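*Asks:* In the numbering used here, the protein residues as written are 807 to 1093.
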Ligand code: PDD
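1. Hey, is residue 935's beta-carbon within less than 8 angstroms of any beta-carbon in chain C?
2. Judging by CA-CA distance, which residue of 985, 826, 932, 919 is the nearest neighbour of residue 907?
3. Tell me the residue span of the alpha helix (DSSP H) that contains residue 1095.
4. Take the Cβ of residue 1050 as the centre, count every other Cβ of all protein chains shown within 10 Å, and call the residue buried at 16 or more, exposed below.
5. Please classify residue 1035: is it buried, with 16 or more other beta-carbons within 10 angstroms of its beta-carbon, or exposed?
6. Restricting to Cα atoms, I'd like to know which of 964, 860, 939 is closest to residue 950.
7. Tell me the rounded alpha-carbon separation between residue 811 and residue 817.
8. Leaving out five residues before and five after residue 839 in sequence, what residues of the same chain have Cβ atoms less than 7 angstroms from its Cβ?
9. Count the CB pairs spanning the region 997 to 1004 and the region 927 to 943 that are closer than 8 angstroms, and state whether there are at least three.
10. Could you pull the start and end residues of the beta strand (DSSP E) that residue 813 belongs to?
11. Near residue 855, what residues of its chain come up, given a Cβ to Cβ distance below 6 angstroms and the 5 sequence neighbours on each side ignored?
12. Would you list, in sequence order, the uninterrupted beta strand (DSSP E) runs of no fewer than 3 residues that lie entirely inside the region 868 to 920?
13. Within 10 Å of its beta-carbon, does residue 962 have 16 or more other beta-carbons around it, so buried, or fewer, so exposed?
14. With a Cβ-Cβ cutoff of 8 angstroms, do residue 1021 and residue 1093 count as a contact?
15. List the endpoints of the continuous alpha helix (DSSP H) containing residue 1091.
16. Just the C-alpha distance for residue 859 and residue 873, rounded to the nearest angstrom, thanks.
17. Whose C-alpha, out of 1048, 1044, 1002, 1010, is nearest the C-alpha of residue 1031?
18. Tell me where the beta strand (DSSP E) around residue 843 begins and ends.
19. Where does residue 774 fall in DSSP's three states?
20. Which residue wins for smallest C-alpha separation from residue 1072, given the options 865, 935, 912, 952?
21. Nearest to residue 1043 by alpha carbon, out of 1060, 892, 1024, 1066?
22. At a threshold of 7 angstroms, does residue 933 count as lining the ligand PDD (C-beta to nearest heavy atom)?
23. Just curious, the beta strand (DSSP E) that residue 1034 is in, first and last residue?
24. Expressed to the nearest angstrom, what Euclidean distance is found between the alpha-carbon atoms of residue 1068 and residue 1078?
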């Protein structure tokens, strides 16, 4: 069945949603995005995603076209208008819009941003069998630009990394820069050593994950020890556990790094517990 999607103020069938070939999102990757998880028709961590969208737009001097209330209303309307959609995510993209001919200079402020939202159905998302077995990752050099805290649609390198992982029969790739892991292809990464959760500190080097913020807060509330610092691939290989977080996979155990088993090679206690806590707590505040 065709989805109903949102494009610039209108709800239309997906095949009728057209964006100009001059749109700067298309020609220059001049756009930012968010993915908000939807479980049982409700939005998870919505406030965090709206706040980060505002920060990304601000960093690129793109006018923020929609306030929180309008964005919430659009998300809810999409859920209403796509009755088969209950679990998955809502993808939101704001580009700098159609400025006519291609130009490196930003267009004048009266060019309206292009706003697109659509649902992506993933039935059974909460019961992803990978959460029970864990996933395998390989490492690749981090060749992305240096403002990874801005959630832009420039995803070619993460896509190449994901393909490298696929070719190596792994599930994902971890980026390494100056000998330290930055993040996963589309997630934040963690190791656990002697009961302590270790994850890279926030900076321009990584995306400030909304799931990361929630999981670290919940870990601290559960009296778990957290250390925010970068770690190496070797440390990950000799850690007791590893895992990643993202809005599309929540908390996902990692059981192999570059062919070496992490811990027992099965999902660890801390990752499993954090996943339980995150799923339980997020459901309570879903909108
Ligand atoms: N990716 N780091 C990167 C590079 C990401 O692309 C993402 C999210 C994260 C995790 O952020 P959050 O917890 O806010 O989802 C970290 C989304 C899910 C995607 O591109 O589909």
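Glycine included, every Cβ here is placed at the ideal spot set by N, Cα and C.
All figures in this text were calculated on a predicted structure; none of them were measured in a lab.
*Replies:* The relevant details are as follows:
1. No chain C is present in this structure, which holds just one protein chain.
2. Locating residue 907 in the chain shown gives position 101, where the first residue counts as 1. It is 826.
3. The structure shown does not extend to residue 1095, since the chain is modelled only from 807 through 1093, so no value can be given for it.
4. Residue mapping note: residue 1050 aligns to position 244 of the chain shown, counting from 1. So residue 1050 counts as buried.
5. In the chain shown, the residue the question calls residue 1035 occupies position 229. Residue 1035 is exposed by the Cβ-count criterion.
6. The residue you call residue 950 lines up with position 144 of the chain shown. Answer by Cα proximity: 964.
7. The residue given as residue 811 occupies position 5 in the chain shown. The residue given as residue 817 occupies position 11 in the chain shown. Cα-Cα distance, rounded: 6 angstroms.
8. Counted from its first residue, the chain shown places residue 839 at position 33. If we look at residue 839 and ignore the five residues flanking it on each side, its Cβ neighbours are 897, 898, 899, 957, 959.
9. no
10. In the chain shown, residue 813 corresponds to position 7, counting from 1. 810 to 813 is the span of the beta strand (DSSP E), which, as asked, contains residue 813.
11. Here residue 855 refers to the residue found at position 49 when the chain shown is read from its first residue. Only 840, 842, 1016 meet the Cβ criterion.
12. 894 to 901
13. Within the chain shown, numbered from 1, the residue matching residue 962 stands at position 156. Classification for residue 962: exposed.
14. As a first step, residue 1021 must be located in the chain shown, where it is residue number 215. As a first step, residue 1093 must be located in the chain shown, where it is residue number 287. Against a cut-off of 8 angstroms, the Cβ pair of residue 1093 and residue 1021 comes out as no contact.
15. Walking along the chain shown from the start, residue 1091 turns up at place 285. 1075 to 1091 is the extent of the alpha helix (DSSP H) around residue 1091.
16. Sequence index remark: in the chain shown, residue 859 carries index 53 (1-based). Sequence index remark: in the chain shown, residue 873 carries index 67 (1-based). Residue 859 and residue 873: Cα-Cα distance of roughly 11 angstroms.
17. For the purposes of this step, residue 1031 is taken as the residue at position 225 of the chain shown. Answer by Cα proximity: 1002.
18. On the chain shown, position 37 is the one that residue 843 refers to. Looking at the DSSP string, the run of the beta strand (DSSP E) that includes residue 843 is 837 to 845.
19. Outside the displayed range of the chain (807 to 1093) lies residue 774, so it cannot be described from this structure.
20. Your numbering for residue 1072 matches position 266 in the chain shown. Closest by alpha carbon: 935.
21. For the purposes of this step, residue 1043 is taken as the residue at position 237 of the chain shown. The candidate whose alpha carbon is nearest that of residue 1043 is 1066.
22. The count along the chain shown starts at 1 and reaches residue 933 at position 127. For the ligand PDD, not one heavy atom lies less than 7 angstroms from the Cβ of residue 933.
23. Residue 1034 sits at position 228 when you count from the first residue of the chain shown. Segment 1031 to 1034, the beta strand (DSSP E) holding residue 1034.
24. As a first step, residue 1068 must be located in the chain shown, where it is residue number 262. As a first step, residue 1078 must be located in the chain shown, where it is residue number 272. Between residue 1068 and residue 1078, the C-alpha separation is close to 14 angstroms.
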